[in-house]
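When the count follows the numbering used here, it moves up by one through the sequence shown with no breaks and lands on 221 for the last residue.
Positions of the beta carbon are idealized from the N, C-alpha and C atoms, including for glycine.
The block underneath contains the structure these notes are about, expressed in structure tokens.
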Amino acid sequence: MLSPSVVPLVHEGDRAPATDPYRQVFEAAGVGIARVAPSGRVLEGNQRFAEIVGRPQEALVGLNVLDLTHPEDHAVTAAEIEATLYGQRPRYTLEKRYIRPDGTVVWVHVSTVLMRDTRGEPTEFVSVIEDITERRQLQEAMNSARAAERASQAKTEFLSRMSHELRTPLNAVIGFSELLQLQTLGPLGAPRYAEYVKDIHDSASHLLSLVNSLLEMTSLE
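Rendered as structure tokens:
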């Protein structure tokens, strides 16, 4: 139900009679149309609205709009109704979610106008409801794709930068180990030192080869 502050400002009577042309438009419209009392109680909804919320048309009457609304959207829906009722605006538009009895979530765009009598008292809301589930799913898919692309680009940039940073010290290690192997700076001393230098040179060369392969992979990506 709506919050206690949302109370009927006028008596909620039975459905008002409608002319034949209105009834034809009401029932045949390709979008949902609903008449809702100031308290939030559904007075009637057309067939398309019934399809959107996944309920029989005759079962809509008497339900509160919050009975149809996803729990996470209750607060914003109630706030829009209250703001419109108490004169802050004559109408409101809202993207929200309905939840069907089987648990299916439906995204809708709701455009609502508040009707008033000759004294300016609220009589009912008239809402036009459009199912935008496919559009929202497409937007979410595009957002996910963009996020994945940004993540991939950040990964590639990181690997490339890291690889370049690694090449400089590795080249230095290889260069100095080669000088030690050539003994241009003097004898190494014990024979085992030559083995150590060879291990340093071979390990650094292997690491440099891995870094170059990593750079090549990021370049291909």
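For this session: Please determine if the region 26 to 43 and the region 52 to 63 are in contact, where contact requires at least 3 C-beta pairs separated by less than 8 Å.
Result: yes
For this session: Can you say whether residue 158 is buried or exposed, counting buried as having 16 or more other CB atoms within 10 angstroms of its CB?
Result: By the 10 Å Cβ count, residue 158 comes out exposed.
For this session: Going by CA-CA distance only, name the one from 28, 33 and 37 that's closest to residue 129.
Result: For the residues 28, 33 and 37, the minimum Cα distance to residue 129 belongs to 33.
Exercise. Across which residues does DSSP place residue 109 in a beta bridge pair?
Worked result: Beta-bridge partners of residue 109 (DSSP): 95 and 130.
Exercise. The beta strand (DSSP E) spanning residue 31 covers which residue range?
Worked result: Element bounds for residue 31: n/a, residue is neither H nor E.
Exercise. Is the number of C-beta pairs between the region 169 to 179 and the region 140 to 158 that are closer than 8 Å three or more?
Worked result: The region 169 to 179 makes no contact with the region 140 to 158, as fewer than three CB pairs between them are under 8 Å.
Exercise. Can you list, in chain order, the stretches of the alpha helix (DSSP H) that have 4 or more residues and sit fully within the region 144 to 201?
Worked result: none
Exercise. Along the chain, where does the beta strand (DSSP E) that runs through residue 58 open and close?
Worked result: Premise fails: residue 58 is in no beta strand (DSSP E) and is neither H nor E.
For this session: Whole angstroms is fine: what's the gap from residue 1's alpha carbon to residue 67's?
Result: Its pLDDT being 49, under 50, residue 1 is placed unreliably by the model, and the measurement read from it follows with that caveat. Taking the straight line from one Cα to the other gives about 7 Å.
Exercise. Hey, would you say residue 95 sits closer than 8 Å to residue 37, going by beta carbons?
Worked result: No.
Exercise. What residues in its chain sit with their C-beta under 8 Å from that of residue 84, if we drop five residues either side in the sequence?
Worked result: Answer for residue 84: 90, 91, 92, 112, 114 and 125, listed in chain order.
Exercise. If we count the other Cβ atoms within 10 Å of its Cβ and call it buried at 16 or more, is residue 98 buried or exposed?
Worked result: buried
Exercise. Among 198, 29 and 191, which one has its Cα closest to the Cα of residue 177?
Worked result: 198
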